[in-house]
Amino acid sequence: MKCPYCNNDMIPGYVQNGRRLVWDTEKLDGAYLPFTEKGRFVTKGFFKNTEMESYLCENCNILLSLLEE
Numbered sequence: 001m002k003c004p005y006c007n008n009d010m011i012p013g014y015v016q017n018g019r020r021l022v023w024d025t026e027k028l029d030g031a032y033l034p035f036t037e038k039g040r041f042v043t044k045g046f047f048k049n050t051e052m053e054s055y056l057c058e059n060c061n062i063l064l065s066l067l068e069e
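If you're matching positions, the sequence shown starts at 1 in this note's numbering and goes up one per residue.
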């Protein structure tokens, strides 16, 4: 995959975590409760390790990930 900013090749890999990853427009204070309407879970697992395929651009220092449906 090519970086959309600098057009260099990106390195494939995974973002990994022991719980779900959450995306939100604001920084969250404390624990994120799964029953709130705010934010978006970007991985499915909760009590297991989760991973999401991602691409790293070392030149721009960014990650790109395709979100699960």
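Don't be surprised by glycine CBs; every beta carbon is placed ideally from N, CA and C.
Three-state class that DSSP yields for leucine 56 in the structure shown: As a position in the sequence shown, residue 56 is number 56, starting the count at 1. The answer is strand: DSSP assigns leucine 56 an E or B state.
Residue from Asn59, Leu66, Pro12 whose Cα sits closest to the Cα of cysteine 6: By one-based count along the sequence shown, residue 6 stands at place 6. When each option's Cα is compared against that of cysteine 6, the closest is Asn59.
For leucine 63, the first and last residue of its enclosing beta strand (DSSP E): Here residue 63 is taken as the residue at index 63 of the sequence shown, counted from 1. 62-65 is the extent of the beta strand (DSSP E) around leucine 63.
Distance between beta carbons of serine 54 and leucine 63, contact taken as under 8 Å: Your numbering for residue 63 matches position 63 in the sequence shown. Your numbering for residue 54 matches position 54 in the sequence shown. Leucine 63 to serine 54, Cβ: 5 Å. Contact.
CA-to-CA distance, glutamate 26 to asparagine 61, given in whole angstroms: The residue labelled residue 61 in the question sits at position 61 within the sequence shown. The residue labelled residue 26 in the question sits at position 26 within the sequence shown. So the two alpha carbons sit approximately 21 Å from each other.
DSSP three-state assignment for tyrosine 14, whether helix, strand or coil: Counted from its first residue, the sequence shown places residue 14 at position 14. In this structure, tyrosine 14 counts as strand in the three-state DSSP scheme.
Which residues DSSP lists as bridging glycine 51, in chain order: Translated into the one-based positions of the sequence shown, residue 51 becomes position 51. Checking the displayed sequence, the identity of residue 51 turns out to be glutamate instead of glycine. Looking at the DSSP assignment, glutamate 51 forms a beta bridge with Gln16.
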